[in-house]
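Straight run, no breaks: the sequence shown in my numbering ends on number 927.
Glycine included, every Cβ here is placed at the ideal spot set by N, Cα and C.
Report on the structure given below.
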Amino acid sequence: MAPFLMLWLSMCLSGTWAVDRGNFKTCDQSAFCKRQRALKPGESPYRALLETMELTNTKLTLQLINDNNKVRLLLELYRLQGNITRVKINELKPLKPRFEVPDVLIREPPTEPLSVLSQDENGVVLSLGAESQRVIVSARPFRLDIMEGHDVLMSLNSRGLLAFEHLRMRKDTQADTEAENKEETDSANQGEKVKEEEKMEEGMWEETFKSHTDTKPNGPSAVSLDFSLPGVEHVYGIPEHADTLKLKTTENGDPYRLYNLDVFQYELYNPMALYGAVPVMLAHNVQRTTGIFWLNAAETWVDISSNTAGKTVFGKMLDYVQGSSERPQTDVRWISESGIIDVFIMLGPTPKDVFSQYASLTGTQSFPPLASVAYHQCRWNYNDQEDVLAVDAGFDEHDIPYDFIWLDIEHTDGKRYFTWDPHKFASPKEMLQHLMDKKRKMVAIVDPHIKVDSNYKIHNEIRSRGFYIKNKDGGDYEGWCWPGNAGYPDFTRADMRAWWASMFDYNQYEGSMENLYTWNDMNEPSVFNGPEVTMHKDAVHGNWENRDVHNLYGFYVQMATAEGLIQRSGGVQRPFVLTRAFFAGSQRYGAVWTGDNAAEWDHLKISIPMCLSLGLVGISFCGADVGGFFKSPNTELLVRWYQTGAYQPFFRAHAHLDTPRREPWLFGPENTALIREAVRQRYTFLPYWYQQFYHAHRTGEPIMRPLWVEYPQDPSTFALDDEFLIGRDLLVHPVTEEGARGVTAYLPGKDEVWFDIHTFQKHNGAQNLYIPVTMSSIPVFQRGGSIIPRKLRVRRSSSCMEHDPYTLYVALNNQRTAEGELYIDDGHTFNYEKKEFNHRRLSFANNVLTSVNLAPHAYFTTKSWIERVVIVGASKPSKVTLKTADGQESQLEFDFNASTSVVTLRKPGMNAGVDWTVALN
7 MAPFLMLWLS
17 MCLSGTWAVD
27 RGNFKTCDQS
37 AFCKRQRALK
47 PGESPYRALL
57 ETMELTNTKL
67 TLQLINDNNK
77 VRLLLELYRL
87 QGNITRVKIN
97 ELKPLKPRFE
107 VPDVLIREPP
117 TEPLSVLSQD
127 ENGVVLSLGA
137 ESQRVIVSAR
147 PFRLDIMEGH
157 DVLMSLNSRG
167 LLAFEHLRMR
177 KDTQADTEAE
187 NKEETDSANQ
197 GEKVKEEEKM
207 EEGMWEETFK
217 SHTDTKPNGP
227 SAVSLDFSLP
237 GVEHVYGIPE
247 HADTLKLKTT
257 ENGDPYRLYN
267 LDVFQYELYN
277 PMALYGAVPV
287 MLAHNVQRTT
297 GIFWLNAAET
307 WVDISSNTAG
317 KTVFGKMLDY
327 VQGSSERPQT
337 DVRWISESGI
347 IDVFIMLGPT
357 PKDVFSQYAS
367 LTGTQSFPPL
377 ASVAYHQCRW
387 NYNDQEDVLA
397 VDAGFDEHDI
407 PYDFIWLDIE
417 HTDGKRYFTW
427 DPHKFASPKE
437 MLQHLMDKKR
447 KMVAIVDPHI
457 KVDSNYKIHN
467 EIRSRGFYIK
477 NKDGGDYEGW
487 CWPGNAGYPD
497 FTRADMRAWW
507 ASMFDYNQYE
517 GSMENLYTWN
527 DMNEPSVFNG
537 PEVTMHKDAV
547 HGNWENRDVH
557 NLYGFYVQMA
567 TAEGLIQRSG
577 GVQRPFVLTR
587 AFFAGSQRYG
597 AVWTGDNAAE
607 WDHLKISIPM
617 CLSLGLVGIS
627 FCGADVGGFF
637 KSPNTELLVR
647 WYQTGAYQPF
657 FRAHAHLDTP
667 RREPWLFGPE
677 NTALIREAVR
687 QRYTFLPYWY
697 QQFYHAHRTG
707 EPIMRPLWVE
717 YPQDPSTFAL
727 DDEFLIGRDL
737 LVHPVTEEGA
747 RGVTAYLPGK
757 DEVWFDIHTF
767 QKHNGAQNLY
777 IPVTMSSIPV
787 FQRGGSIIPR
797 KLRVRRSSSC
807 MEHDPYTLYV
817 ALNNQRTAEG
827 ELYIDDGHTF
837 NYEKKEFNHR
847 RLSFANNVLT
857 SVNLAPHAYF
867 TTKSWIERVV
877 IVGASKPSKV
887 TLKTADGQES
897 QLEFDFNAST
907 SVVTLRKPGM
917 NAGVDWTVAL
927 N
């Protein structure tokens with residue numbers, strides 16, 4: 007094996023290295039970022055040529071001209087359904103087409119008519135329809151202002167930082183005369199000849215980082231635009247970064263970077279790029295939530311500044327006392343290396359409106375199989391089939407449920423994906439059948455780097471079909487990864503994705519069965535000997551450079567893999583695919599995790615804002631490696647991580663090859679019991695989790711959400727990221743401090759009450775509550791006014807619990823009412839799309855609890871029944887009467903605990919899928 011790969015392996019296996027910042031660019035080392043950031047706010051050189059304006063039923067078009075170089079741009083302005091405005095800016099006549107991102111939008115967004123309200127030589131005012139919303143196009147300099155009434159909601163180019171590097175011929179070489187003449191002709195057709203560039207800046211046509219040279223045959227092609235957000239101090243999103251939920255200002259450091267990279271042992275609390283990139287930002291204040299979706303797949307940097315940054319609470323109070331009239335404002339600047347400006351401005355006004363608007367563009371979270379919402383056991387690597395079966399048996403021996411066991415890269419035949427090691431995994435179907443007999447499943451890794459080996463079927467087929475990405479000289483692009491020398495399939499090609507999907511067919515993927523699912527790792531893509539541990543930007547995907555499409559690669563890999571798992575079942579079974587790299591729209595294809603974290607307390611803490619940030623931009627199915635991937639956690643950290651992970655959407659333990667084994671029973675009986683209890687809590691809440699996934703799939707709302715989403719007018723919630731909500735009704739404040747004897751949780755809502763789910767103790771909202779904790783404590787509260795279904799008969803896997811009964815937890819608010827839902831389907835097929843499900847509304851009012859059908863057009867029968875109802879915050883009834891849909895009445899047994907005000911109805915016995923009424927008299 008090559009010395010380079012051996013060095014990389016030694017780094018990965020040592021477990022002692024931290025991120026080498028020198029492997030990754032700063033803005034100053036990224037020529038286009040440095041070039042664009044050098045532009046300072048001022049008067050924009052761009053003006054709008056109002057005489058070129060055309061208005062149709064679907065859009066407004068208008069030419070812009072840069073008065074410095076006379077290059078013309080084409081502005082397209084769309085009013086989209088659902089309170090969204092789209093702004094596109096491209097060259098009017100580029101030398102060659104510029105890349106526009108395909109496949110991310112679920113459809114061409116439907117438009118609504120724009121109308122001109124007024125126009126003069128200074129600009130034009132257009133109506134955006136509802137509630138006196140309008141957009142003002144100012145001509146000199148060019149600027150857009152979106153207003154509602156007298157309020158400016160957002161301004162574009164208000165700081166004059168619009169920049170659009172036009173494609174051009176290189177002037178310091180023997181350029182093709184015909185092409186040069188063409189440029190001049192095209193420029194003349196625009197009206198005025200393009201002026202010669204004033205200067206040739208370093209890095210415009212070639213750039214070197216460490217030992218890697220990036221040739222730039224198209225020259226400089228960056229785009230940039232600034233957005234001003236009056237009244238806004240809090241902005242969120244643009245994952246993935248290991249940073250706080252509230253985005254920080256970047257004036258004194260690098261901008262936030264969006265460029266999918268394999269970052270070895272990433273650092274916390276900085277704006278460095280990580281594995282995924284979603285170019286979506288949300289802005290929030292007490293009046294409004296808005297969003298910006300910057301649809302560009304190239305390397306992107308995001309600068310944030312604020313006129314209140316750095317001011318203390320005292321400083322803000324002083325401003326108020328002194329009558330300072332300065333209104334808070336956040337300014338954001340997006341800089342991308344290539345492509346066009348294509349931005350969707352989501353105008354809310356509520357957080358849930360923004361989620362709906364973004365979902366209308368890129369789709370919602372895929373609805374996963376129920377089992378994938380349960381617990382996953384993984385490490386790099388389980389050694390062989392015997393090891394897998396021993397771990398499986400260990401969970402039964404220690405009475406800990408799990409649903410999936412995972413195999414990392416060592417299960418393959420020499421890192422050849424879609425294969426099995428012939429000695430260690432000689433009979434994969436026997437192993438899978440053993441798991442299936444216990445209603446359990448497996449995930450095996452399938453990475454997108456393909457071993458260059460003439461005896462490997464997958465490689466031979468990809469090469470013979472011409473499916474590999476090409477290098478700048480036209481040959482197959484090759485780089486180093488786990489197998490050694492590897493090729494990289496071009497997943498931007500639909501025919502390549504279709505072929506890849508076909509490889510998951512049971513007849514193609516030997517040894518696979520229906521309970522084998524897939525994990526796509528290293529799909530940034532990771533190239534050990536490439537620049538920044540990824541692919542060269544001048545590698546070629548069809549007609550486009552990697553520079554243009556880079557951040558889409560992982561999105562396409564997961565898309566093709568998910569499609570393969572669907573096709574292998576004839577379109578019947580829902581897939582489960584985990585990806586490390588992602589982009590806008592990746593939510594449609596499965597789950598993500600936060601990558602190669604470490605067994606450190608700060609990594610446990612950062613998992614919360616990292617997943618919250620992903621949820622805000624549509625990717626709800628998020629989790630972190632429980633216990634930390636690198637290094638070895640002490641027992642306290644491991645237990646606390648299980649307790650936290652049990653309340654995050656994707657719940658998987660994972661560990662590095664070089665770490666000691668850490669199955670849950672290896673840390674003594676006391677810690678085994680604590681971990682067991684955390685995992686069992688996850689299983690009892692699976693009906694609620696599954697219902698939240700269904701809701702996310704239907705609406706685009708996050709499952710794990712910041713408190714401000716539900717309490718948007720409470721500034722105390724705006725920067726909180728050490729606690730979170732699951733749906734509306736569960737508030738979780740994990741213990742993430744070493745040696746903690748207590749935590750302080752903020753309970754929101756001045757009219758709310760919250761109940762400790764373990765003790766049923768009642769607490770008022772709008773307070774900071776100190777909670778003493780022991781090692782067994784997981785502070786979780788149910789909102790008064792909610793009803794949460796649970797299953798308390800925990801078995802060895804979720805599938806074993808399918809027909810088990812429900813317990814309803816009814817938490818009453820101050821009005822002594824409550825509402826909730828119960829969603830039931832088969833848990834694994836797409837039949838819910840054929841209306842094969844049961845969705846029920848549960849309500850408590852006037853001392854009557856009812857279950858009614860929310861979806862009378864749907865039908866699904868369940869064997870599950872209601873075995874217990876727990877009403878918290880109740881008074882003691884004299885009797886309890888059950889009335890079923892057929893009119894039969896019966897008296898129910900109940901207990902009342904006066905100290906906790908809890909009524910427990912025992913064995914009511916009605917089927918969970920039918921109408922019924924329970925009256926407390």
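Does the Cβ of residue i have 16 or more other Cβ atoms within 10 Å, making it buried, or fewer, making it exposed?
i    : result
R799 : exposed
Q180 : The predicted model places Q180 with a pLDDT of 45, which falls under 50 and marks its position as unreliable, so this point remains unresolved.
S532 : buried
V578 : exposed
M206 : exposed
T498 : buried
T867 : exposed
G493 : buried
Grouping DSSP H, G and I as helix and E and B as strand, with all else coil, what is residue i?
i    : result
V715 : helix
F473 : coil
W6   : Given that the chain is displayed from residue 7 to residue 927, the structure contains no residue 6 and the question cannot be resolved.
D32  : Note on identity: in this sequence residue 32 is Thr, with Asp being the wrong assignment. It is coil, neither helix nor strand.
T191 : Confidence is the limiting factor: at T191 the pLDDT is only 47, short of 50, which leaves the residue's position unreliable, though a coordinate-based value still follows. If DSSP states are grouped into helix, strand and coil, T191 belongs with the helices.
N819 : coil
R586 : coil
T368 : helix
Y523 : strand
K445 : coil
D26  : coil
S138 : helix
L726 : coil
L235 : strand
D810 : coil
For residue i, list the residues DSSP reports as bridge partners.
i    : result
K40  : Beta-bridge pairing links K40 to no other residue.
N859 : R846
I631 : Per the sequence shown, the amino acid found at residue 631 is Asp instead of Ile. Partner(s): R658.
C487 : G490
F929 : In the structure displayed, the chain extends from 7 to 927; residue 929 sits before or after that span and is not available.
F761 : K768, Q788
G243 : M287
L610 : Looking at the DSSP assignment, L610 forms no beta bridge with any residue, so it has no partner.
R686 : According to DSSP, R686 bridges with nothing at all.
Y993 : It is not possible to answer for residue 993, since the shown part of the chain is limited to 7 through 927.
N640 : Answer is none; N640 lacks a bridge partner.
Would you kindly check if the distance between the Cβ of residue j and the Cβ of residue i is under 7 Å?
i    : j    : result
S870 : P811 : yes
S372 : R711 : no
P285 : T256 : no
I681 : Q698 : no
V338 : G297 : no
F933 : A590 : Because the chain in this structure spans residues 7 to 927, residue 933 falls outside the shown range and cannot be described.
F3   : F350 : There is simply no residue 3 to check, as the chain begins at 7 and stops at 927 in what is shown.
D390 : I451 : no
R80  : L98  : Checking the displayed sequence, the identity of residue 80 turns out to be Leu instead of Arg. Yes. Within cutoff.
W506 : A566 : yes
V741 : F730 : no
E213 : A24  : no
Examine the ligand GDP and report whether any of its heavy atoms sits within less than 6 Å of the Cβ of residue i.
i    : result
F401 : This structure lacks the ligand GDP, and indeed carries no ligand of any kind.
Inset, instruction - Pick out the complete beta strand (DSSP E) segments inside the region 256-299, 3 residues or longer, and give them in chain order. - result: With a minimum length of 3 residues, the continuous beta strand (DSSP E) runs that stay inside the region 256-299 are 262-264, 286-290.
Inset, instruction - Enumerate, from N- to C-terminal direction, the unbroken beta strand (DSSP E) stretches of 3 or more residues contained entirely within the region 71-122. - result: Listed in chain order, they are 78-86, 90-97.
Inset, instruction - May I have a chain-ordered list of the alpha helix (DSSP H) segments no shorter than 4 residues that lie completely inside the region 379-443? - result: Runs found: 391-403, 434-443.
Legend entry - Runs of beta strand (DSSP E) lying entirely within the region 874-903, each at least 3 residues, in chain order: If you keep only unbroken beta strand (DSSP E) runs of at least 3 residues inside the region 874-903, you get 886-890, 895-897, 899-903.
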